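Trainee: Here you go, one structure.
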Amino acid sequence: MLPAPFLVRGFVVRAVAFWAFVRLVVYAVTLGVVSQDPGIVDPVREAMQLTPQGLLAVVALVYGLVLIDARRRNLPVFLANMGVGRVAVGALVLGPVLVAEIIVGMVL
Amino acid sequence: MKQPLLAAESIGKSFGRRQVLRTASLWVYPGAVTALVGRNGEGKSTLFKIAAGLLRADYGMVRYEEHRFSRTRLPDMARRGLFFLPERSLLCRSLTLRNHFRAIEHHFGDRHVDHAVDLLNLGALIDRQAHQLSGGERRRAELALAVARGPSCLLADEPFLGIVPRDAEFLTVVFKQLARDGCAVAITGHEVQSLFDTADDVLWMTAGTTHALGTPAKARKHHQFVREYLGFEALR
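Chain order of the listed sequences is A and B.
This note's numbering puts the first residue of the first sequence at 1, with every later residue one more than the last.
This note's numbering puts the first residue of the second sequence at 1, with every later residue one more than the last.
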């Protein structure tokens, strides 16, 4: 069961914002590493690509950040009283993150 | 013999080496208010959280209507009609009261929302965010959300904590009205006067177990309860 539409919007916006932040950090760190390798022709493109394990780590990190933020705003018990559990919140995080990753993959 | 809507029976729970609950039970009956009293740290909130599905019991069983659970989860219980008011605030800091009610409307319809706002006199506060409310206003708002939900069972953990007598009166009236409408209500706390004014049944929690004392009048005559919890001053 999903929460009310305005709460869904809030979760999606936060998931995308946290994803952008995590991706930016990962990109900056990876770019710093791959730039040192003279064999890599396009370090920017290389730094934007994630391995499956990397993608899993990004999703887990974003999910963790969204949950911490929800707890800070005192949302979990309120949502649970509405019948909304962690699975629904997970779907609200996973969906936007996967869409964003697909878009990044298409652009690259 | 009347059947409880919610029954948590023979519940045990330890935190590390400390066993808080040994054989604690909670029975909440439709159309009645049950007060769970006991000293600090006896495990009243723990028992409520286990019954509501926020904590996992080490052993014991929870029954809601005809369904038996060895492990409850609040979202599942909420869909069946339970509403849990935690000791800490239920309200989300960044949302206005109006948005809290919108969320209730989205899930459970708007049948009781206007009634809840009027009953708890929240008209003037509806566009305030949770962090702009005083303690008493927050408690009234939380109870209004419970009324708006129209629950079949309400568990309220320390609802009278830190609020002025006038707000406590408000809460007492609303708990009684919910019970009159058929809701099964359970409350905890230390504010004996308010709790006993509200309750139909009293449960006493001590040494990790619970004792059913009957009506508040009977509880006041229970010698061990008076000696160990109320104190003899309460009888003068």
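We treat Cβ as the ideally placed atom computed from N, Cα and C, and that holds for glycine.
Just so you know, these numbers come straight off a predicted model, no measurement behind them.
Can you give me, in chain order, the residues of the region 80-92 of chain B that have a beta carbon less than 7 Å from any beta carbon in chain A?
Mentor: 83, 84, 86, 89, 90, 91 and 92
Trainee: Applying the 10 Å Cβ sphere with the 16-neighbour rule, what's the burial state of residue 106/A?
Mentor: Classification of residue 106/A: exposed, given that the 10 Å Cβ count is below 16.
Trainee: Could you please give the first and the last residue of the uninterrupted beta strand (DSSP E) stretch that includes residue 18/B?
Mentor: 18-28
Trainee: Residues of chain A with CB under 8 Å from residue 67/B, in chain order?
Mentor: For residue 67/B, none of the residues of chain A pass the 8 Å Cβ criterion, the least Cβ distance being about 15 Å.
Trainee: Within the same chain, show all residues whose beta-carbon is closer than 6 Å to that of residue 4/B, passing over the 5 residues directly before and after it, in chain order.
Mentor: 27, 28 and 29
Trainee: On the DSSP bridge assignment, give the partners of residue 187/B in chain order.
Mentor: Paired residues: 35/B and 156/B.
Trainee: At what residues does the alpha helix (DSSP H) containing residue 135/B begin and finish?
Mentor: 135-149
Trainee: At a Cβ cut of 9 Å, what residues of the region 110-125 of chain B count as close to chain A, listed as they run along the chain?
Mentor: Taking 9 Å as the Cβ-Cβ cut-off, the region 110-125 of chain B has no residue approaching chain A.
Trainee: Helix, strand or coil: which one does DSSP assign to residue 119/B?
Mentor: helix
Trainee: When burial is assigned at 16 or more other CB atoms within 10 Å of the CB, is residue 52/A buried or exposed?
Mentor: exposed
Trainee: Consider the Cβ of residue 149/B: report whether some Cβ of chain A lies at a distance smaller than 9 Å.
Mentor: Cβ-Cβ to chain A under 9 Å: yes for residue 149/B.
Trainee: What are the residues in the region 69-100 of chain A lying within 7 Å of chain B by C-beta distance?
Mentor: 73, 74, 75, 77, 78, 80, 81, 82, 83, 84 and 85
Trainee: Which residue from 107/B, 22/B, 220/B and 166/B puts its Cα closest to that of residue 9/B?
Mentor: 22/B
Trainee: How would you write the range of the alpha helix (DSSP H) that residue 100/A sits in, first residue to last?
Mentor: 86-107
Trainee: Using the Cα positions of residue 65/A and residue 95/A, report the straight-line distance between them to the nearest angstrom.
Mentor: 15 Å
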